[in-house]
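The block underneath contains the structure these notes are about, expressed in structure tokens.
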Amino acid sequence: DLNDIEYDAYLANDRTLDDPEIVKVERGGRVRLRIINGATATAFTIDTGELEGELIAVDGMDVVPVRGRQFPLSMGQRADIRLALPPAEGAYPILALREGAVERTGVILATASARVQTLETTAAA
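So in our numbering, spot 49 of the sequence shown is number 39, and the numbers just go up one at a time.
Quick look at the structure:
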């Protein structure tokens, strides 16, 4: 079975998508995200949404950069993803999608005057 254990919540920086962490970013800026999968029984796919990401390190080791919008993350694994933000105001969810299921969590990158919308803790099946 892909997911043997069911949890009542999935967290990003101790928060669910019901009250996500909102990280302030600058328009046109660059961000390096260091993502750690602290789960012991759940793999995730990191989804950068409308922002194209560049995977630049795995488990603390530099890698040949890989561009994309989705990056797999296994239990205990670390990934560094570099993002270039558009010059316009905006809110950009960075989501961790539970492998083989609809549950998700994440953080939201937002410029100073961006309107942040509520996100569901489950994705459409």
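No residue lacks a Cβ here, since even glycine has one placed at the ideal position from N, Cα and C.
According to DSSP, residue pairing for Q60 in a beta bridge involves D37. According to DSSP, R20 shares a beta bridge with A74. Comparing alpha-carbon positions, the option among L99, A102, R105, E93 lying closest to I(-5) turns out to be E93. Taking 7 angstroms as the cut-off, the beta carbon of E11 is found closer than this to the beta carbon of V97. DSSP, reduced to helix, strand and coil, places P83 within a strand of the structure shown.
When DSSP states are grouped into helix, strand and coil, A47 belongs to the strand group. Contact between the segment 59 to 69 and the segment 101 to 115 is not established, with fewer than three Cβ pairs separated by less than 8 angstroms. Between the segment 30 to 37 and the segment 7 to 21, the count of Cβ pairs shorter than 8 angstroms is below three; the stretches do not touch.
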